[in-house]
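Enquirer:
There are 4 protein chains.
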Amino acid sequence: VNKPIQVKEFPLVDPDERSLTVKIDMASLCGTDVHMWRGRRIVPFPLIPGHEGIGRIHKLGKKVSKDSAGNKVRSGDRIVWSHVLHCRNCYYCFIKKDPSGCQNKIIYGYISSSEHPYLNGTLAEYMYLRPNTVFYIVPEEISDEVVVPASCALGTAINGINRARVDLGDNVLVQGIGPLGLYSIALAKERGAKKVVAIGEPGIRFETAKLFGADYVINRFALDVNQRIQKVKDLFDGRGADLAIECSGYSPVIIEGIEMLDHGGRYLLLGTASENVKMLEINPSKITLRRLLLIGSRATEPHHLLEAIKYLQLTKLPVERMISHKYSLEDAEKAFKAYEDLKVVKAAFTL
Amino acid sequence: VNKPIQVKEFPLVDPDERSLTVKIDMASLCGTDVHMWRGRRIVPFPLIPGHEGIGRIHKLGKKVSKDSAGNKVRSGDRIVWSHVLHCRNCYYCFIKKDPSGCQNKIIYGYISSSEHPYLNGTLAEYMYLRPNTVFYIVPEEISDEVVVPASCALGTAINGINRARVDLGDNVLVQGIGPLGLYSIALAKERGAKKVVAIGEPGIRFETAKLFGADYVINRFALDVNQRIQKVKDLFDGRGADLAIECSGYSPVIIEGIEMLDHGGRYLLLGTASENVKMLEINPSKITLRRLLLIGSRATEPHHLLEAIKYLQLTKLPVERMISHKYSLEDAEKAFKAYEDLKVVKAAFTL
Amino acid sequence: VNKPIQVKEFPLVDPDERSLTVKIDMASLCGTDVHMWRGRRIVPFPLIPGHEGIGRIHKLGKKVSKDSAGNKVRSGDRIVWSHVLHCRNCYYCFIKKDPSGCQNKIIYGYISSSEHPYLNGTLAEYMYLRPNTVFYIVPEEISDEVVVPASCALGTAINGINRARVDLGDNVLVQGIGPLGLYSIALAKERGAKKVVAIGEPGIRFETAKLFGADYVINRFALDVNQRIQKVKDLFDGRGADLAIECSGYSPVIIEGIEMLDHGGRYLLLGTASENVKMLEINPSKITLRRLLLIGSRATEPHHLLEAIKYLQLTKLPVERMISHKYSLEDAEKAFKAYEDLKVVKAAFTL
Amino acid sequence: VNKPIQVKEFPLVDPDERSLTVKIDMASLCGTDVHMWRGRRIVPFPLIPGHEGIGRIHKLGKKVSKDSAGNKVRSGDRIVWSHVLHCRNCYYCFIKKDPSGCQNKIIYGYISSSEHPYLNGTLAEYMYLRPNTVFYIVPEEISDEVVVPASCALGTAINGINRARVDLGDNVLVQGIGPLGLYSIALAKERGAKKVVAIGEPGIRFETAKLFGADYVINRFALDVNQRIQKVKDLFDGRGADLAIECSGYSPVIIEGIEMLDHGGRYLLLGTASENVKMLEINPSKITLRRLLLIGSRATEPHHLLEAIKYLQLTKLPVERMISHKYSLEDAEKAFKAYEDLKVVKAAFTL
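Residue numbers (the numbering used here), protein chains in the order written: chain A, 1 to 351; chain B, 1 to 351; chain C, 1 to 351; chain D, 1 to 351.
See below:
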């Protein structure tokens with residue numbers, strides 16, 4: 001925790017018959033990588049961080065002949081993979097069909113590197129994908145920059161927005177303009193929203209929010225809370241949002257988010273994904289009397305990664321702008337600090 | 001407010017061509033009737049209270065020949081009516097198809113009786129139903145006792161449960177065993193729940209909860225909050241409720257309700273229907289990480305009253321037990337006080 | 001029937017207090033206008049044909065102060081209106097919330113012009129909109145050409161596609177490239193489809209299908225039925241369509257459409273909207289064994305017209321290309337014949 | 001095919017580490033068992049028929065310690081199992097979450113018994129359940145008679161009805177009163193239908209249909225097709241069914257089923273589950289103009305078996321009447337013939 005981030009060597013073991021190894025081309029940083037470095041998330045050090053990545057198949061286990069969509073694969077194919085390995089057999093995976101409840105899951109980037117198979121994170125030259133890891137071939141027409149964050153932030157946004165729907169002509173509010181917010185803006189815009197309004201802090205991501213499809217971005221610091229509520233209502237036909245999406249992770253914004261919704265509105269909660277968030281004081285009668293729907297969604301299922309790839313093929317927006325800065329592994333600490341200071345939209349490592 | 005409740009005379013005016021008058025047979029008390037008497041709800045006194053009732057058509061306006069389901073009507077037919085008169089033309093009524101957002105609605109039992117047409121509440125011998133009031137003929141096989149509360153509490157429960165669904169085999173928790181809770185128990189049980197657990201206070205309604213289909217009723221006062229949570233989990237396969245329904249109107253129970261839900265559970269908020277409820281401190285990450293759905297629902301649309309009638313025809317449960325005590329209008333104050341002291345399941349007036 | 005189409009004069013009456021009159025700017029032809037001229041649809045001649053139009057408010061009834069979305073209106077405002085006037089009170093309108101089942105509806109363009117208020121169709125200088133006709137102000141940024149067909153073909157496509165959903169990344173097949181097909185292509189493309197394949201006849205609409213977002217257009221006449229099925233599967237990952245939309249109105253294509261669907265696919269039937277279509281021989285086990293969903297949808301509800309306006313504001317596609325040719329009223333017969341001979345995408349009249 | 005059904009001996013092999021063996025207590029006959037004997041369904045003889053059964057665990061593989069709901073198991077526990085073994089990894093199983101499309105599935109009762117592990121059907125003393133077979137402990141309070149058909153007919157009915165929904169107060173029509181029809185009647189009745197009408201042939205199942213909750217059973221042979229349509233409409237408020245369920249497998253009834261639906265009705269097709277059904281001539285405009293929904297559903301997923309167990313615990317109906325006759329294995333041919341001649345509701349073997 002908080003110690004210098006070092007480049008170290010680990011053994012590159014051969015895959016067993018149902019595993020494969022990957023030569024990483026590019027990896028990107030997620031906020032949780034920074035959190036674990038800073039000790040806000042408990043993990044078993046030493047570990048190779050990173051759960052977002054793209055690469056080419058290095059060695060295939062004997063029994064691995066197809067990707068998870070059923071396409072034949074061979075060494076050298078460019079792939080992405082799900083960073084979560086669900087058990088597929090527990091009550092939540094199998095009966096409820098909601099693997100987010102799986103108690104047996106393994107998450108790459110959060111596993112100790114001190115034992116076999118060592119290479120469990122994307123911030124490395126090679127990575128080892130265990131049996132049943134979901135992976136897909138990436139179509140050549142989409143670039144590394146576009147795909148590398150797909151398995152995490154984009155998959156999470158897709159999962160949530162599928163659950164909350166975007167109805168044709170919806171007024172959509174996005175709170176927060178980090179990666180999750182930016183993808184939510186893009187998805188809302190390209191799935192039928194009439195107007196997308198985002199709220200965020202000034203900085204590099206502010207302009208990116210517009211590039212990703214926001215019709216209007218509110219500077220959080222230029223207005224007080226009542227002004228923000230009024231501004232959102234004014235922008236949304238005087239009524240408020242049909243759909244609001246909380247992507248900031250800063251829980252107090254939920255109070256104003258509830259006020260920004262129209263009667264009957266839907267509120268997708270994506271950002272507050274850590275137990276250590278601030279408690280929130282709300283008036284539950286607002287949910288009842290205004291017939292709101294509060295929709296929690298968390299992380300992603302492996303099939304959302306396939307949807308993410310499809311989305312990246314169809315989008316007309318400059319989603320490659322998600323990666324604003326590139327680093328070498330040697331500069332890892334610089335990248336972590338830049339992320340922390342919101343100097344980047346998203347930082348990537350080329351390998 | 002708080003003054004003695006008096007029996008007074010008002011003019012019985014003839015209906016205009018699109019209205020009708022009704023001879024009330026039975027009316028029942030709702031919690032809000034007590035609230036307005038005690039001044040917790042602001043209304044224009046003097047008024048005739050009561051929005052739940054059943055009666056027979058006294059006089060029909062010239063242009064009223066059918067009930068709202070399209071059946072021919074004539075004087076003497078036994079009917080129930082929606083106590084809410086929506087405008088049918090505003091953005092919420094017409095475009096969103098969610099009339100609960102209607103800003104132009106009129107609610108019987110909350111209207112001053114000092115001007116034409118005077119007879120706006122059910123605690124009276126006659127009532128005047130204005131143009132566009134939704135009303136339905138009641139099949140003879142169901143008794144007054146069974147139908148009289150249908151337009152309010154039962155319709156509200158149906159509206160909410162339709163929105164939240166009961167999946168086959170669901171474990172359902174009902175918080176609160178007043179009329180709303182009792183109907184929710186019954187509906188959950190008869191729409192496919194495997195087990196229904198209710199939480200409530202000891203008293204007359206405690207046994208009624210079992211009669212209405214609860215497999216288990218927890219005495220709220222016999223256990224502390226952690227014991228209650230543990231008890232619910234134990235009763236529900238160690239996991240918690242698939243669906244919880246808040247019917248008590250006492251907002252702090254929502255905190256424990258969230259804990260009583262299984263991962264992925266649905267939480268229907270029906271009870272906190274007044275702005276003056278206690279504020280609530282919650283951890284929003286529980287909604288996100290556990291993928292909960294919080295579903296606000298309020299009141300009822302006129303078509304739910306038709307569904308309520310159908311439900312009362314199909315139920316196998318002793319729903320006539322909802323009316324536990326009957327009063328004459330002269331004893332109105334006694335009835336109000338008995339309701340307030342939870343001495344009755346529901347009090348009715350025979351007229 | 002089949003007689004020369006004539007320009008005639010009718011009285012321009014003043015609106016009653018809940019009606020309004022409109023000065024038509026532009027009207028467009030729908031296939032049913034041609035059908036009624038040719039006698040394939042029985043209507044009460046003489047009539048002013050046309051149900052698609054846009055215009056400016058000429059005179060407002062005393063009690064008409066707002067459009068159906070609640071915006072204030074005055075003479076001169078540019079508006080569109082729903083060509084269907086539902087009763088709002090019958091079982092289907094009010095209880096089922098599916099006004100397409102309304103038995104009391106009035107449809108402009110199908111009403112005799114021989115009696116008051118005479119001006120019931122859009123192919124005229126003025127039109128009379130009766131009480132309760134839904135109308136909306138049109139934002140200035142969208143042109144007459146773009147809006148004029150919105151109330152009919154676009155509303156029908158929106159209604160159906162809302163019902164059938166477009167899931168993110170769906171492979172979508174559209175059968176038929178008339179106005180309904182073209183709008184379906186556009187909507188599918190802009191609501192998240194990964195690939196849209198259309199099937200149609202060569203001609204002016206063939207290129208328009210690509211402009212409206214089709215990734216591939218199959219020439220119906222260049223391939224036999226088995227080749228068409230194979231082609232669609234090849235274009236859709238070897239599996240078939242996730243969603244197919246029948247827009248041709250030629251019922252035999254439904255047989256091949258069923259074959260073109262993937263296991264679990266959804267089939268939206270929009271085109272066969274006349275009872276006089278050819279009977280169809282199908283094997284129902286295909287629906288059962290392949291878990292297909294066949295979704296009938298018909299016409300449009302007034303709120304879809306509002307969604308249509310919103311869609312026209314948000315689309316990036318050249319939807320103004322729907323109107324390929326313009327005529328004066330004097331040339332009406334030319335326009336009808338051009339439509340019949342598929343020489344136009346859609347014909348409009350400027351007035 | 002058509003040869004005498006013989007009792008033979010096969011080796012009882014020990015389970016491998018992820019398998020188990022079961023001592024069968026009771027097995028029941030399904031229509032497909034008869035079809036395969038009569039050669040209407042191609043299977044690899046010799047085989048042990050039967051896919052419906054209940055039994056006690058004989059031997060557990062080393063790694064099998066829990067049932068598929070996560071409950072600990074040991075030898076002697078009473079269990080049911082899914083007769084379909086899906087691959088869990090293909091596009092349909094894993095990405096679409098619709099395992100009915102799985103191309104790699106294995107179905108007990110349809111597998112040759114000529115090679116290891118031999119015991120693949122329920123009409124035997126013992127059965128071998130391969131790795132990943134879904135099985136659940138059966139609560140002691142429900143009898144063998146009640147549970148034995150759960151994995152097939154009841155699971156199929158649950159799967160379909162979950163997909164088609166029963167709305168509160170629905171008028172439901174069930175075509176066919178074999179096991180699938182009987183369960184559909186029961187489920188519709190106990191999930192909120194107001195009235196359930198069935199159509200079937202006279203015989204032992206006719207009375208059973210009433211016991212299972214049908215409010216009215218129409219004798220198919222006593223009325224001609226138009227009379228049947230009229231009768232159904234009369235029984236359903238003059239409008240027709242909100243939901244119809246085809247359970248007869250005789251495809252021509254679909255034509256009259258479409259006529260028996262109300263505008264906007266839902267039609268669940270469950271029965272025509274063999275490719276060899278009669279072709280059907282329909283007018284597709286009826287689907288479009290009346291906004292029907294045709295919903296194909298097939299077989300069952302393993303989690304529906306768990307829902308089936310829960311349903312059998314909650315039902316108030318005499319579902320044990322499904323098994324009307326019991327046989328010994330020696331009398332197998334008698335049982336097959338009795339099923340064929342509709343002399344039984346369902347035939348079971350006690351073992």
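Note that the Cβ used here is the ideal one computed from N, Cα and C, for glycine as well.
May I have the straight-line CA-CA distance separating K97(B) from L305(C), to the nearest angstrom?
Expert: Taking the second sequence and counting its residues from 1, one reaches residue 97(B) at position 97. Taking the third sequence and counting its residues from 1, one reaches residue 305(C) at position 305. Each residue's alpha carbon lies about 15 Å from the other.
Enquirer: How about V319(D): is its Cβ closer than 7 Å to a heavy atom in the ligand FMN?
Expert: With respect to the ligand FMN, the structure offers nothing, as it holds no ligand at all.
Enquirer: Note down, one range per segment and in chain order, each alpha helix (DSSP H) of at least 4 residues found wholly within the region 9 to 75 of chain B.
Expert: Runs found: 31 to 37.
Enquirer: Can you give the Cα-Cα distance for G265(D) and Y92(C), rounded to whole angstroms?
Expert: Position 265 of the fourth sequence, counted from the first residue, corresponds to residue 265(D). Position 92 of the third sequence, counted from the first residue, corresponds to residue 92(C). In a straight line, the C-alpha of G265(D) is about 12 Å away from that of Y92(C).
Enquirer: With a threshold of 8 Å between beta-carbons, can T272(C) be considered close to chain D, or not?
Expert: Working through the third sequence from its first residue, we reach residue 272(C) at position 272. T272(C) counts as touching chain D.
Enquirer: Determine the direct distance from the alpha carbon of I48(A) to that of S19(A), and round the result to whole angstroms.
Expert: Here residue 19(A) refers to the residue found at position 19 when the first sequence is read from its first residue. Here residue 48(A) refers to the residue found at position 48 when the first sequence is read from its first residue. Cα to Cα, the separation comes out at about 19 Å.
Enquirer: Applying the criterion that 16 or more other CB atoms from any shown protein chain within 10 Å of the CB defines a buried residue, is V197(D) buried or exposed?
Expert: For the purposes of this step, residue 197(D) is identified with residue 197 of the fourth sequence, where counting begins at 1. Its Cβ being crowded by 16 or more others within 10 Å, V197(D) is buried.
Enquirer: Residues in its own chain within less than 8 Å of K195(C) by CB, not counting five upstream and five downstream?
Expert: Your numbering for residue 195(C) matches position 195 in the third sequence. Hits under 8 Å: N171, V172, D215, Y216, L235 and F236.
Enquirer: When you compare only the Cα positions, how much space is there between M322(B) and E340(B)?
Expert: On the second sequence, residue 322(B) is found 322 positions in, with the first residue counted as 1. On the second sequence, residue 340(B) is found 340 positions in, with the first residue counted as 1. Rounded to the nearest angstrom, the two C-alpha atoms are 16 Å apart.
Enquirer: In whole angstroms, give me the CA-to-CA distance for S100(A) and R239(B).
Expert: Your numbering for residue 100(A) matches position 100 in the first sequence. Your numbering for residue 239(B) matches position 239 in the second sequence. Rounded to the nearest angstrom, the two C-alpha atoms are 15 Å apart.
Enquirer: Determine the closest residue to H325(A) out of K316(A), L317(A) and F336(A), with distance taken between C-alpha atoms.
Expert: Taking the first residue of the first sequence as 1, we reach residue 325(A) at position 325. Checked all of K316(A), L317(A) and F336(A); the closest Cα to H325(A) is F336(A).
Enquirer: So N162(A) contacts chain B; which residues on that side make the cut at Cβ distance below 9 Å?
Expert: Taking the first residue of the first sequence as position 1, residue 162(A) is located at position 162. Ordered by position in chain B, no residue passes the 9 Å Cβ test against N162(A), which lies about 12 Å from the chain.
Enquirer: Could you give the DSSP three-state label for K326(B): helix, strand or coil?
Expert: Residue 326(B) sits at position 326 when you count from the first residue of the second sequence. K326(B): strand per DSSP, three-state reduction.
Enquirer: With DSSP as the reference, label V225(A) as helix, strand or coil.
Expert: To locate residue 225(A), count along the first sequence from 1; it is residue 225. Note: V225(A) maps to helix in three-state DSSP.
Enquirer: By how many angstroms is the C-alpha of V232(A) removed from the C-alpha of Y223(A)?
Expert: Taking the first sequence and counting its residues from 1, one reaches residue 223(A) at position 223. Taking the first sequence and counting its residues from 1, one reaches residue 232(A) at position 232. Rather than Tyr, the amino acid found at residue 223(A) in this sequence is Leu. Going from the Cα of L223(A) to the Cα of V232(A) covers about 11 Å.
Enquirer: So if DSSP puts Y216(B) in a beta bridge, which residue, or which two residues, is it bridged to?
Expert: Translated into positions along the second sequence, residue 216(B) becomes position 216. Partner(s): V197(B).
Enquirer: Is there contact between the region 13 to 27 of chain B and the region 59 to 70 of chain B, where contact requires at least three CB pairs shorter than 8 Å?
Expert: With the cut-off at 8 Å, the region 13 to 27 of chain B and the region 59 to 70 of chain B touch.
Enquirer: Measure from the alpha carbon of A153(C) to the alpha carbon of each residue in G53(C), G257(C) and S68(C), then state which is nearest.
Expert: For the purposes of this step, residue 153(C) is taken as the residue at position 153 of the third sequence. The candidate whose alpha carbon is nearest that of A153(C) is G53(C).
Enquirer: Helix, strand or coil for Y311(C)? Go by DSSP, reduced to three states.
Expert: Sequence index remark: in the third sequence, residue 311(C) carries index 311 (1-based). Helix, per DSSP.
Enquirer: Within 8 Å (strictly less), CB to CB, does H303(A) reach chain D?
Expert: Here residue 303(A) corresponds to residue number 303 of the first sequence, with the count starting at 1. Yes, H303(A) lies at the interface with chain D (some Cβ there is under 8 Å from its Cβ).
Enquirer: Specify the secondary structure class of Q6(A) as computed by DSSP and reduced to three states.
Expert: Against the first sequence, residue 6(A) aligns to sequence position 6. Q6(A) falls in the coil class under three-state DSSP.
Enquirer: Do T300(B) and T156(B) have their C-beta atoms within less than 8 Å of each other?
Expert: Numbered from its first residue, the second sequence carries residue 300(B) at position 300. Numbered from its first residue, the second sequence carries residue 156(B) at position 156. In contact: T300(B) and T156(B) (Cβ atoms closer than 8 Å).
Enquirer: If you draw a straight line from the C-alpha of Q230(B) to the C-alpha of R290(B), how long is it?
Expert: Translated into positions along the second sequence, residue 230(B) becomes position 230. Translated into positions along the second sequence, residue 290(B) becomes position 290. Those two C-alpha atoms are separated by around 18 Å.
Enquirer: Is there at least one Cβ from chain D nearer than 8 Å to K97(A)'s Cβ?
Expert: For the purposes of this step, residue 97(A) is identified with residue 97 of the first sequence, where counting begins at 1. It does: the Cβ of K97(A) has a partner Cβ on chain D nearer than 8 Å.
Enquirer: Given a cut-off of 8 Å, decide if G121(C) and G50(C) are closer than it, judged by their beta-carbon atoms.
Expert: Your numbering for residue 50(C) matches position 50 in the third sequence. Your numbering for residue 121(C) matches position 121 in the third sequence. Yes, the pair counts as a contact, with Cβ atoms nearer than the cut-off.
Enquirer: I need the boundaries of the alpha helix (DSSP H) containing A164(B), first residue and last residue.
Expert: Locating residue 164(B) in the second sequence gives position 164, counting from the first residue. Run containing A164(B): G155 to A164, per the alpha helix (DSSP H) assignment.
Enquirer: Compare the C-beta of L293(C) with all C-beta atoms of chain D and state if any pair is closer than 8 Å.
Expert: The residue you call residue 293(C) lines up with position 293 of the third sequence. Closer than 8 Å: yes.
Enquirer: For S151(C), tell me which candidate among M36(C), E333(C) and A308(C) has the shortest Cα-Cα distance.
Expert: Within the third sequence, the letter at position 151 stands for residue 151(C). The option with the nearest alpha carbon to S151(C) is A308(C).
Enquirer: Could you name the residues of the region 64 to 82 of chain A whose beta carbon sits closer than 9 Å to any beta carbon of chain D, in the order they occur along the chain?
Expert: If the cut-off is 9 Å between Cβ atoms, the region 64 to 82 of chain A has S68, A69 and G70 near chain D.
Enquirer: Is M260(A) helix, strand or coil by DSSP?
Expert: Position 260 of the first sequence, counted from the start, is the residue given in the question as residue 260(A). Three-state DSSP puts M260(A) in a helix.
Enquirer: What is the DSSP secondary structure of Q403(D), counted as helix, strand or coil?
Expert: No answer is possible for residue 403(D): the residues shown for chain D start at 1 and end at 351.
Enquirer: Return the chain-ordered list of same chain residues with a C-beta closer than 7 Å to the C-beta of I295(D), the five sequence neighbours on each side being excluded.
Expert: To locate residue 295(D), count along the fourth sequence from 1; it is residue 295. So the list reads R163, A164, R266, Y267, L268 and L269, once near-sequence residues are dropped.
Enquirer: Name, in chain order, the residues that DSSP records as bridge partners for V345(C).
Expert: Here residue 345(C) refers to the residue found at position 345 of the third sequence. The partner list for V345(C) (beta bridge, DSSP) is empty, contrary to what the question assumes.
Enquirer: Return helix, strand or coil for Y110(A), following the three-state DSSP convention.
Expert: In the first sequence, counting from the first residue as 1, residue 110(A) sits at position 110. In this structure, Y110(A) counts as coil in the three-state DSSP scheme.
Enquirer: Can the beta-carbon of P55(D) be found closer than 8 Å to that of M127(D)?
Expert: Position 55 of the fourth sequence, counting from 1, holds the residue named residue 55(D). Position 127 of the fourth sequence, counting from 1, holds the residue named residue 127(D). Rather than Pro, the amino acid found at residue 55(D) in this sequence is Gly. Their beta carbons are under 8 Å apart, which means G55(D) touches M127(D) by this criterion.
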